[in-house]
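In my numbering, the protein residues as written are 13 to 306.
Just so it is clear, CB atoms sit at the ideal spot from N, CA and C, and this is done for glycine as well.
Here the structure is a predicted model, which means the values were calculated and not measured.
Data first, discussion second: the structure below is written as structure tokens.
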């Protein structure tokens, strides 16, 4: 590697940002153009997304964060809902002086991504929903599989995590569950039981099913044919109800965004386009309406 490493190849040190009544750990990789904000799955810290971030264009700015009670973000004193958490995320972006963003949500994080796009139509340029659903009103996965997600044991017990990984996540993980278990071990902290409960409660009382027609951003839906947690039919429901959604179906499972990042990252890169300086600016400047070209 050349000694003249550009700033787009170096992540800034993690920050703990106090805003909106929470303290949120953030990791930001600067770059060129519109930042991509990643919303993670339930109970998972930002380190889990390392393989996907590494597979993206190094010029693309990427922001990751731990929701309250996961990774190094302290547990919220009170339970919260997705509207509140989307507002907190907006405050985090304000603190970092980041305006317009693209947002990707994986699994539980897909609910947060939907909520953020709905609440911030001028701030969210494009939306990517991966292996996610519409909350309380959706087509559920296998009940036996979902029962194993009620507790965060798979994050705290790597041996158990490897044992159930194939059954839980499907796709490429069926071939090697140990790979996913090793990925979970890389988390700095597994988070708190109360933080996990807060995430479960947020999903249990929320649905986006009636708001989907109002989400006008260009949206990429990435769903696996072998996903025991989120059946493919949910992706088709999104496509039917969202005005500007495109469905990309693959033969993998729930966490193939991480387990097969080398295959799915190019699909997402193609949807986002080559990193470039955005035409619209944020905060105190006139922002044009979203157009079909955005």
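Item, Value
"I need the DSSP call for residue 235, collapsed to helix, strand or coil.", "strand"
"If we count Cβ pairs, one from each stretch, closer than 8 Å, do we get three or more for the segment 23-40 versus the segment 235-252?", "no"
"How many angstroms separate the CA atom of residue 225 from the CA atom of residue 182?", "30 Å"
"Going by beta carbon distance, what residues of the same chain come within less than 6 Å of residue 302, once the five residues before and after it are set aside?", "With a pLDDT of 43 at residue 302, under the threshold of 50, the modelled position of that residue is not reliable, and the figure given next carries that caveat. The answer is none, since no qualifying residue turns up."
"According to DSSP, which residues form a beta bridge with residue 31?", "34"
"Comparing C-alpha positions only, which one of 141, 26, 108, 120 sits nearest to residue 214?", "120"
"Fully enclosed by the segment 158-189, which alpha helix (DSSP H) runs are 4 residues long or longer?", "165-168, 170-181"
"Taking the alpha-carbon of residue 60 as reference, which of 273, 282, 287 has the nearest alpha-carbon?", "273"
"Enumerate, from N- to C-terminal direction, the unbroken alpha helix (DSSP H) stretches of 4 or more residues contained entirely within the segment 94-169.", "94-107, 120-131, 155-159, 165-168"
"Which residues share a DSSP beta bridge with residue 92?", "Per DSSP, none; premise fails for residue 92."
"Which ranges does the beta strand (DSSP E) cover as unbroken runs of at least 3 residues, wholly within the segment 45-69, from first to last along the chain?", "48-51"
"Out of 39, 136, 219, which one is the CA nearest neighbour of residue 46?", "136"
"When the Cα atoms are used, what is the spatial distance from residue 154 to residue 148?", "15 Å"
"Could you tell me whether the Cβ atoms of residue 313 and residue 229 are closer together than 7 Å?", "There is simply no residue 313 to check, as the chain begins at 13 and stops at 306 in what is shown."
"With three or more beta-carbon pairs closer than 8 Å as the criterion, would you say the segment 46-55 touches the segment 106-124?", "yes"
"Let me confirm a value: residue 222 is counted as buried when at least 16 other C-beta atoms fall within 10 Å, else exposed. Which label applies?", "exposed"
"List the whole-angstrom C-beta distance separating residue 208 from residue 164, where the pair is believed to meet the contact cut-off of C-beta under 8 Å.", "4 Å"
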